[in-house]
Amino acid sequence: MITLYDCATAPSPRRARILLAEKGVAHQTVEVDLRNREQLSEAYRQINPHCTVPALRTEDGLLLTDNAAITAYLEACYPEPPLLGRTPAEKAEIASWQWRVEFEGLLAIAEALRNSAPAMANRALPGPVDYAQIPELAQRGLARVQQFFGVLEERLAGREFIATERLSIVDITAVVAVDFGRVVKVKPGEQHPQLLRWRAAMGERASMAL
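This note's numbering numbers the first residue of the sequence shown as 5 and each following residue consecutively.
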């Protein structure tokens, strides 16, 4: 049985949960309590030395410690429905937009949160090493999130999905990013009608409740 090391309140493992649901992959879940820094415990370090979630243990014992690897593995093992594209053009479009959503969206929000939240003092980056906060990065992150929402608003004009004509990994990542914005008090507003329409439609999918 596949095992997902998860945290119900964190955005990164939510991406993996939605992906598994969309693929219909049976798995068991092990909760890792990030609030109490269980990811830094010696027990979890023995499982994942990177001290991050999600991590996915495959049926043959391979440990995957990031969403890129988890996505590549599940797409290869469970090709339907295809979430990384069917044609070369689709695959390229999805790869490009996935990078943008991660870099311009998720990373910007994480930058704003991790460099400002008192609970994350000296934890400005995930992983086994402590890094000090840089307040200027928090301000830059907030500006980047606003810009990112504008990019999605423009892209979604007349479109049902972000990258291609079908649901892709990009839509999953973008939902998590848009929802994650609430932690830095940034969310789509009346100036983002296309983004709000898309998010409402995505919310009708059962996987999005995870």
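The beta carbon of each residue, even a glycine, is placed where N, CA and C say it ideally should be.
Asked	Found
Confirm, please, whether the CB-CB distance from residue 97 to residue 168 is below 8 angstroms.	yes
Below 8 angstroms between beta carbons: does that hold for residue 178 and residue 109?	yes
Across the segment 32-40 and the segment 6-14, are there enough close Cβ pairs to call them in contact, namely three or more that are closer than 8 angstroms?	yes
Do you know how far the Cα of residue 160 is from the Cα of residue 92?	22 angstroms
Could you work out which residue in 173, 148, 214 is closest to residue 191 when comparing CA atoms only?	148
Where does residue 126 land, buried or exposed, given buried means 16+ other C-beta within 10 angstroms?	exposed
By a C-beta neighbour count over all protein chains shown, 10 Å radius and 16 as the cutoff for buried, is residue 133 buried or exposed?	exposed
Quick one: residues in its chain with C-beta nearer than 7 angstroms to the C-beta of residue 69, no 5 flanking neighbours on either side, listed in chain order?	52, 54, 56, 59
Out of 183, 171, 200, 187, which one is the CA nearest neighbour of residue 86?	171
Pairs of beta-carbons, one from the segment 41-49 and one from the segment 112-124, closer than 8 angstroms: are there three or more?	no
Tell me the rounded alpha-carbon separation between residue 62 and residue 101.	27 angstroms
Please decide whether residue 200 counts as near chain D, where near means a Cβ-Cβ distance under 8 angstroms.	Considering every chain present, this structure includes no chain D. It has just one protein chain.
In whole angstroms, what is the alpha-carbon distance linking residue 21 and residue 214?	7 angstroms
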